[in-house]
Amino acid sequence: MRWERPAAVFSAVLGLILLGVGGAILSIQGRLTTTSGYPLIAGVALLIAYALLDPAALRDLVKSRRSRFGTLSVLLTGLVIGILVLANVLAARSTQSLDLTRFRVNTLAPQSVLEAQSVSQSMDMIMFFRRSDPGYDDTKALLDRFASVNPKIRVSVQDPFVDPVQARQFGVITSGTVVIRYGSKTQLLNSGSQGEQDVASAVLKLESSRSPSVCWTVGEGERDLKDAAQITGYSDAAAQLAAENFTQRDLLLSQTGEIGSSCDIVVIMGPSKPLTDTGAKALAAYLDAGGSLLLALDPWTDPAVAARYNDLLKPYGLSFTDGLVVEDGAHSADRDPTTPAVVQYGGSPIAKDLANRVSFFPLASAIAGSGAAGATVTRVASSSDQSYLVQDPRQDLARKPADQAGPFVLMETSERAPGGTASKASRVVLVGTASLGENRALEFSVVNRQLLVGSLDWLSAQENLIAIPAKPNRNPSLALTQEQQNLNVFVTLLLLPLLAGVGGLLVWARRRLF
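Quick note: to get the working numbering, add 216 to the position in the sequence shown (first position is 1).
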C-alpha cells in the first residue's frame with residue numbers, strides 16, 4: 217500500500233473534524249472570526265489534499281454504486297445533523313417560546329403581566345444564588361419572564377460568597393434568596409417563596425403605596441379565613457388576600473356600634489345567624505357613608521337570616537331568593553346538578569377577560585331585583601337557561617312543574633350614588649354562595665380566584681388591577697373516586713402485564729409451531 221492512501225484518509229478525517237469545530241465556533245459566536253476561520257480554512261485545505269493525494273478513491277466514490285449509496289447516506293446524515301444544529305442555534309437565540317403545559321406554568325398570568333407593566337421606574341431583581349443552588353434555573357427563568365414584559369425590570373445574579381458585603385447590605389443571610397429593589401424599597405423572597413404569585417405580590421407591594429383593609433366579619437357563623445379544611449376552608453383565600461396586598465382584620469359585627477373608615481371593605485361570607493340590630497344599624501350607616509360590602513349567602517338558609525340581609529339591600533333594589541339553583545348535566549361540575557359550571561358573564565369589570573372560561577358556584581342561590589333608583593346594577597355571572605330554582609328544601613331535586621325556570625343571576629354588583637354627607641358612591645357585591653372562595657374552588661379554578669380578588673379590587677376602586685391572578689405555587693391534586701382507583705389498579709397491575717404475557721406466549725408458539 218502506497219503512503220498516499222493512509223495520508224489521504226488521515227487528511228479527510230482531520231479535515232471533517234476541523235470543519236465541525238469551526239462550524240460549531242461560528243454558530244456560538246454568531247459571526248466569522250479568526251477563532252472559527254482558521255479551523256474552517258484548514259478543514260477545506262485538508263479535504264483538497266485528500267482529493268489530490270488519492271484521486272482514484274475520489275473517482276470510485278463517484279462511480280461505484282456501493283460507494284454512491286454510502287456517500288448519499290453520509291450526505292443525508294450530515295444534512296439532517298446540520299438542520300438540527302441550525303434549528304437548535306436559532307431556537308437558542310430566539311426570545312419566542314411556546315408553553316405546552318396544561319396549567320400554563322411557563323407563562324405569566326395576565327395579572328402578573330399587568331403588575332409588571334405598571335412598574336414605572338427601574339426595578340432590580342437580584343438573585344443571590346450559586347449556580348449549583350436548587351431552583352436556580354426555574355427562578356432565573358421566572359424572573360426573566362417578568363423582565364421580558366417591561367424593560368425597566370432588570371435581572372442579575374450574584375454569588376453571595378463572592379460579594380458577602382453587598383449581600384449583607386440587603387439583609388441576605390443564606391444563598392438562594394431573591395432581592396427585589398424598587399427605588400428606596402426592597403423585598404426579600406426566601407427559598408420556598410419564589411413562585412410567580414410571590415414575585416407578582418412583591419412587585420405589587422413595592423409599586424403600590426396602598427394596602428386596602430378588608431374587615432372580615434366573625435361571630436355569626438361566617439366562613440373563617442383561618443379554616444384550613446381541604447374542601448370548605450378559606451385559608452387559601454386568606455393567602456390570596458395577603459398576596460394581593462390586602463390587609464385583613466376580624467370584625468365582630470354583632471357588637472360593633474360603628475364601622476369606621478379604617479375598613480375599606482366589609483366581607484360577610486355565609487352567615488348562619490340573623491344580623492343583630494346593632495350590626496344592622498352599623499352596617500347601614502357604613503354603606504350610607506360610601507362603604508363597600510361583599511356579601512355571600514347560601515341557599516336554604518334560615519329565613520330570618522335572608523330576610524334581615526334583604527332588608528339591608530332594599531336601597532339597592534336587590535335581594536337573595538334563598539332557593540337552590542339546579543343545573544342540567546351539560547352545565548354542572550362532575551355531573552353534580554347543585555354545582556353550576558358558569559361560562560356566562562356580564563359587563564362588570566370583575567368578569568374582565570373571562571369569556572368562555574369556567575367558574576364554579578357550588579350550592580348557589582339566585583339574586584333577584586333590577587335595582588333601585590340611584591343604583592347601577594351590573595350582572596357578573598349567571599346560570600344557563602336550562603337551570604331551574606328549587607325554592608324550598610327537598611331531597612328529590614328532579615325538575616317539577618312548580619320550579620322556576622332559569623337563567624338566574626348568581627353574582628351581581630350594585631353601585632349607589634352618594635347621598636347626604638357621603639363623598640363617594642357605595643358599592644356592594646352579592647354572591648349566591650359562600651363556597652365561591654373555599655379552598656376546593658380556588659384550587660381547581662383560577663377563574664374563581666379572579667372573581668374573589670376582582671370583587672375586592674372593584675370594591676376598593678382598584679379596577680385597573682383586575683385580571684386573572686397568578687397561579688398557586690402547587691399543582692392541583694387529582695381526586696379519584698373508588699371506582700376510578702379500582703379501574704387504575706386493574707389496568708396497571710393486571711391488564712397490561714397480562715397483555716404482555718399473552719403477547720410473549722403467542723410469539724413463542726409461532727416460532728415453535730411454525
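Here a beta-carbon is modelled for each residue, glycine too, at the ideal position from N, C-alpha and C.
Being a predicted model, the structure only gives us computed values, none of them experimental.
Minimum C-alpha distance to residue i - residue among the options
i, options, result
"Ser564", "Tyr450, Thr251, Asp550, Thr594", "Thr594"
"Gln327", "Met341, Ala716, Leu420", "Leu420"
"Tyr604", "Gly562, Gly539, Ala641, Ala657", "Gly539"
"Gln403", "Gln410, Val395, Leu613", "Val395"
"Arg355", "Gly670, Asn406, Arg728, Gly239", "Per the sequence presented here, residue 355 reads as Thr, with Arg not at that position. Checked all of Gly670, Asn406, Arg728, Gly239; the closest Cα to Thr355 is Asn406."
"Arg643", "Gly545, Leu672, Ala557", "Leu672"
"Leu499", "Pro515, Ser477, Ser427", "Ser477"
"Asn322", "Asp353, Ser334, Gly408", "Asp353"
"Ser599", "Lys640, Asp544, Asp550, Ala650", "Asp544"
"Phe362", "Ser425, Ser334, Gln602, Pro380", "Ser334"
"Asp514", "Gly259, Gly635, Ile369, Thr555", "Thr555"
"Thr537", "Ala549, Ala523, Ser451", "Ala523"
"Ala520", "Thr492, His547, Tyr502, Leu503", "Thr492"
"Ser427", "Thr463, Ala677, Lys368, Ala332", "Thr463"
"Val602", "Gln410, Val558, Val723", "Reading off the sequence shown, one finds Gln at residue 602, where the question assumed Val. Checked all of Gln410, Val558, Val723; the closest Cα to Gln602 is Val558."
"Glu412", "Arg370, Leu358, Pro609, Arg728", "Leu358"
"Met627", "Ser535, Glu699, His547, Asp612", "Ser535"
"Leu441", "Thr249, Ser425, Ala325, Arg465", "Arg465"
"Ile566", "Thr249, Ile389, Arg610, Gln678", "Gln678"
"Ala436", "Leu646, Leu703, Ala496", "It should be noted that the sequence gives Glu, not Ala, for residue 436. Among Leu646, Leu703, Ala496, the Cα nearest to that of Glu436 belongs to Ala496."
"Ser367", "Asp375, Ala332, Val381", "The sequence given here has Pro at residue 367, not Ser. Answer by Cα proximity: Ala332."
"Leu675", "Leu503, Gln382, Ile257", "Leu503"
"Val329", "Ile369, Arg346, Ala571", "Ile369"
"Ser805", "Gly408, Phe344, Leu422, Leu570", "An answer regarding residue 805 cannot be provided, because it is not within the stretch 217 to 730 covered by the chain."
"Gly590", "Glu631, Val430, Lys616", "Glu631"
"Asp569", "Ile484, Ile682, Ala546, Pro222", "Ile682"
Buried versus exposed, by CB contacts within 10 Å (16 or more), residue i
i, result
"Ala725", "exposed"
"Thr592", "exposed"
"Val718", "exposed"
"Phe706", "exposed"
"Lys338", "Position check: residue 338 holds Ser in this sequence, whereas Lys was assumed. Looking at its Cβ environment, which holds fewer than 16 other Cβ atoms inside 10 Å, Ser338 is exposed."
"Leu291", "Below a pLDDT of 50, predicted positions are generally treated as unreliable, and Leu291, at 48, falls in that range; no measurement from the model is reported."
"Glu438", "buried"
"Asp270", "buried"
"Thr472", "buried"
"Asp735", "Here the chain comprises residues numbered 217 to 730, so residue 735 is not present and cannot be evaluated."
"Glu585", "The residue asked about is misnamed: residue 585 is Gly in this sequence, not Glu. It counts as buried."
"Thr629", "buried"
"Ala655", "Before going further, note that residue 655 is Asn rather than Ala in the sequence given. So Asn655 ends up on the buried side."
"Ala618", "exposed"
"Gln410", "buried"
"Gly635", "exposed"
"Phe377", "exposed"
"Ser425", "exposed"
"Pro531", "buried"
"Ala716", "exposed"
"Pro222", "exposed"
Anticipated Cβ contact below 8 Å, residue i with residue j, distance rounded
i, j, result
"Val625", "Ala582", "6 Å"
"Asp349", "Gly399", "Not confirmed; about 28 Å, so no contact."
"Ser417", "Glu474", "Actually they do not touch by this definition, with Cβ atoms about 32 Å apart."
"Gly533", "Ala588", "3 Å"
"Thr433", "Leu469", "5 Å"
"Ala614", "Tyr561", "Actually they do not touch by this definition, with Cβ atoms about 29 Å apart."
"Asp340", "Arg397", "4 Å"
"Ala650", "Ala512", "4 Å"
"Glu342", "Ser372", "With the sequence shown as reference, residue 342 is identified as Ile, and Glu is not the correct amino acid for it. With 8 Å as the limit, Ile342 and Ser372 qualify as a contact, their Cβ atoms being about 5 Å apart."
"Gly259", "Leu232", "7 Å"
"Leu248", "Leu242", "6 Å"
"Gly720", "Tyr450", "About 55 Å; that fails the 8 Å criterion."
Residues bridged to residue i [DSSP beta-bridge criterion]
i, result
"Gln464", "Val430"
"Val644", "Leu509, Ser630"
"Leu605", "Val541, Gln620"
"Val669", "For Val669, which the question treats as bridged, DSSP gives no partner whatsoever."
"Thr594", "Thr629"
"Pro556", "Ser548"
"Tyr561", "Ala597"
"Leu405", "Val394"
"Val229", "Answer is none; Val229 lacks a bridge partner."
Proximity test, Cβ basis, 7 Å: residue i and chain B
i, result
"Thr402", "Considering every chain present, this structure includes no chain B. It has just one protein chain."
Stretch pair the segment 481–494 + the segment 442–449: three plus CB contacts closer than 8 Å: no
contact_flag[the segment 502–519, the segment 451–461] where n(CB pairs < 8 Å) is 3 or more: no
Given 8 Å, three or more beta-carbon pairs between the segment 566–582 and the segment 660–671: yes
Contact between the segment 221–237 and the segment 260–270 (3+ Cβ pairs under 8 Å): yes
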